[in-house]
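Chains as they are written, first to last, in the working numbering: chain E, 1 to 341; chain C, 1 to 533. Glycine included, C-beta positions come from ideal geometry on N, C-alpha and C. Every value quoted in this text rests on a predicted model; they were computed, and no experiment measured them.
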């Protein structure tokens, strides 16, 4: 029985050491350290922060999580939050965080000259830092590019049983549909989604990479993906019978989304975090963004990665991205009504 | 005097049960908020489909795991066949693999673009099919992932069955199948029901597998309310309905069990049947086939994937991932087990109040809540405490508790108490009241009775529960992801972050480490278990 008691005491001791250590950890976060909450994944932000520390001597502490979770946590932590910056991967999340009184407005000439205005919040609450284009991908074996034109055209009955789409639960789909609602109105958007759903070759996929695999395997012929997923696939298997097609070039342009960040309202390290945000928009950081994930740099002076530039240039949809955020719940309602899973 | 002490222990137990239930009670309190318009939209466009598909999924999984789990357990306990000894323990191994990892492997291999289908199409010329449409593929996935719960409990129950009853059946000329259906199965029914109950609660709370299959269950609506419509209130209201479903499941399980107690405490290791020759090898093939499909094949796939990217993915960071996982797993398991043991200690049956029993039951319902809902409930709990503290002139404690180990461990206890409690309770149920009476007659204090009689007798159940909790904590993602402190990334977090980006090959590196760690925990479990016999 002594053994049991000993174990009990030992574990309680362990528990309290852990408890106190985690509290001291929070208190120890003084000094030149900026704290970031991020829904951009660790392997995509760590190299950036490392370089920032090298350049400025300011350390960066980060915690990754889901966008919605982190926003909730920031709200509840209020003016005591340890976070100086919130970073996320979708304009809808950035817009929503803006409405929740989490960000503070930053007006910086450096950011304004580095990042074009449609990729920034009109009130300076957040800044886009990398651009992801969502466009059509097709099988080079079974589809000729002449047959393709717009997102809306994929609702045409000629694609019946040939279309693969990503789930409506994914934020990229929601933002795309929000842009269609903005550009073409709710009624047209409804027709388009209805057509998409009846053209589906398979249950909507959980991942963009699954869509491309399905096209290669012959389950479907066309799909809609973020270009960096295509970039990663082509880097690994350059001979894959797939190609990107720039959608809506004669009308509104390709739907783009951003990953971005903003300084939190109660940032304990206002100066350091503003500096980090400015640095992230700089040429050096933007080049890292471009090479890490095959995204488009938000800073237009920086060239894309080699594979990315080989796809050629395209016309972007210049809709201000906060609109995508505003229309997101309307987009979801529409998709759920039309049975887009 | 005596009455007083008993009531006092009842009060302590009730208090403990209430504390453990707090996150769930906060979630349920969302019903105090007026119903939003969102309900109308959900009722029109989502709920009809997902209630049907949730029910189909639950029914399919329940039938699947109860058949597979109990047949395997029966074969392993009652029949001597080639390879039985190692298969008996190998069948536990799928426990070590997180359900979402299993799902991405199965999809990678068996979906339209998976190589298994490509090869079959090439050979036979048959058209391919989408395994994510319909219900059977996801049901099968859940069955292969969760059958060990039923297997484990049915196996323990078969081992305790009186061999004489089976011998009697044999003497009366019943064939093995009839003995199985008419004697062994009815005797093991409570154990099987308990295993099915755990499985169904896991299935209800699952988000990883259903989102990879893009299958609609109740959690779909919960996440839609929160993620799409930013309404935590509706998400919490929906989630508390899950708790209600779990409540009914437990109720039916209790009913199925009835007052029956068929256990004998003696455990024998005599096999009533020997299968030799062709039948023996057929049984081997079947059991081995399950093991291959549920463990060996997925693991082989993970090994192949991870070896192709190991250099790219491996770094010293993995020491951190592993130590975080290890420390959290260990401390959560120990704490959960302590709480569970306190709740499950035998109490004087005469004075055993129905209210206390109900509170304990309530505290185990959290298992059916999706981890992230439980975690947010916990954040709001802290927020409520802060509000009270500010009201009385204090300050907010949110920033101290959020992202502290203490809160995360509390979430684990709240979520996994059901497993530890069920296991501890099963052993305490076997303690006859006579022990308590004789101890009292001899003038022993309650403390001595607990320390020297009850706890040692409950030890096997407590240990088994602790190991199961440890494996579950190791695999846990949503609560960990939301509540962990800075720098406490676990292996599960790493798997999620990579696979969310579609980098399945790289994700298989941390997944493989998890499986090895989980398998070692199960091995300890196995050793303890076989020492008992």
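For residue i, collect the residues of the same chain with a Cβ closer than 7 Å to its Cβ; drop the 5 residues on either side in sequence, then sort them by chain order.
i	result
residue 299(C)	515
residue 409(C)	331, 332, 335
residue 303(E)	309
residue 49(E)	60, 62
residue 158(C)	73, 74, 77, 78, 184, 188
residue 17(C)	343, 359, 360, 362, 363
residue 208(E)	166, 225, 226, 229
residue 321(C)	489, 490, 491, 494, 510
residue 439(C)	449, 453
residue 237(C)	30, 31
residue 405(C)	485
Measuring straight from C-alpha to C-alpha, what distance separates residue i and residue j?
i	j	result
residue 495(C)	residue 510(C)	6 Å
residue 204(C)	residue 181(E)	34 Å
residue 241(E)	residue 177(C)	55 Å
residue 235(C)	residue 224(C)	8 Å
residue 221(C)	residue 212(C)	16 Å
residue 319(E)	residue 98(C)	42 Å
residue 109(E)	residue 500(C)	35 Å
residue 314(E)	residue 282(E)	23 Å
residue 219(C)	residue 296(C)	30 Å
residue 383(C)	residue 78(E)	11 Å
residue 217(E)	residue 327(E)	35 Å
residue 66(C)	residue 193(C)	8 Å
residue 307(C)	residue 96(C)	20 Å
residue 180(C)	residue 137(C)	29 Å
Quick one: which chain C residues come within Cβ less than 7 Å of residue i?
i	result
residue 207(E)	502
residue 343(E)	Any question about residue 343(E) goes unanswered here, given that chain E covers just 1 to 341.
residue 204(E)	214
For residue i, which residues of its own chain have a beta-carbon under 6 Å away from its beta-carbon, when the five flanking residues on both sides are left out?
i	result
residue 323(E)	182
residue 199(E)	159, 160, 163
residue 149(C)	195, 198, 199
residue 56(C)	135
residue 529(C)	none
residue 201(C)	246, 367, 368
Considering only the beta carbon of each residue, do residue i and residue j sit closer than 9 Å?
i	j	result
residue 374(C)	residue 415(C)	yes
residue 305(C)	residue 517(C)	no
residue 123(E)	residue 98(E)	yes
residue 274(C)	residue 80(C)	yes
residue 112(C)	residue 214(E)	yes
residue 20(C)	residue 363(C)	yes
residue 425(C)	residue 76(E)	no
residue 258(E)	residue 135(E)	no
residue 294(E)	residue 232(E)	yes
residue 144(C)	residue 294(C)	yes
residue 13(C)	residue 345(C)	yes
residue 381(C)	residue 23(C)	yes
residue 537(C)	residue 470(C)	The structure shown has nothing for residue 537(C), since chain C only spans 1 to 533.
Show which residues of chain E have a CB atom less than 8 Å away from the CB atom of residue i.
i	result
residue 20(C)	By Cβ distance, chain E contributes nothing, its closest Cβ being about 16 Å from residue 20(C), past 8 Å.
Under 9 Å between beta-carbons, which chain E residues line up against residue i? List them in chain order, please.
i	result
residue 383(C)	76
Chain C partners of residue i, CB-CB under 8 Å?
i	result
residue 68(E)	226, 227, 230
residue 332(E)	224, 228, 229
residue 187(E)	Here the premise fails: no neighbours, minimum Cβ distance about 17 Å.
residue 312(E)	Within chain C, no residue comes near residue 312(E); the closest Cβ sits about 24 Å away, beyond 8 Å.
residue 216(E)	113
residue 72(E)	232, 376, 379
In chain C, which residues lie with their C-beta within 9 Å of the C-beta of residue i?
i	result
residue 96(E)	230
residue 274(E)	By Cβ distance, chain C contributes nothing, its closest Cβ being about 21 Å from residue 274(E), past 9 Å.
residue 61(E)	486, 487
residue 167(E)	211, 214
May I ask you to list the residues that DSSP assigns as paired with residue i?
i	result
residue 447(C)	None, per the DSSP bridge assignment.
residue 297(E)	130(E)
residue 80(C)	274(C)
residue 547(C)	Because residue 547(C) is not part of the residues shown, which for chain C are 1 to 533, the question remains open.
residue 138(E)	222(E), 243(E)
residue 85(E)	36(E), 263(E)
residue 255(E)	134(E)
Within the same chain, show all residues whose beta-carbon is closer than 8 Å to that of residue i, passing over the 5 residues directly before and after it, in chain order.
i	result
residue 526(C)	89, 92
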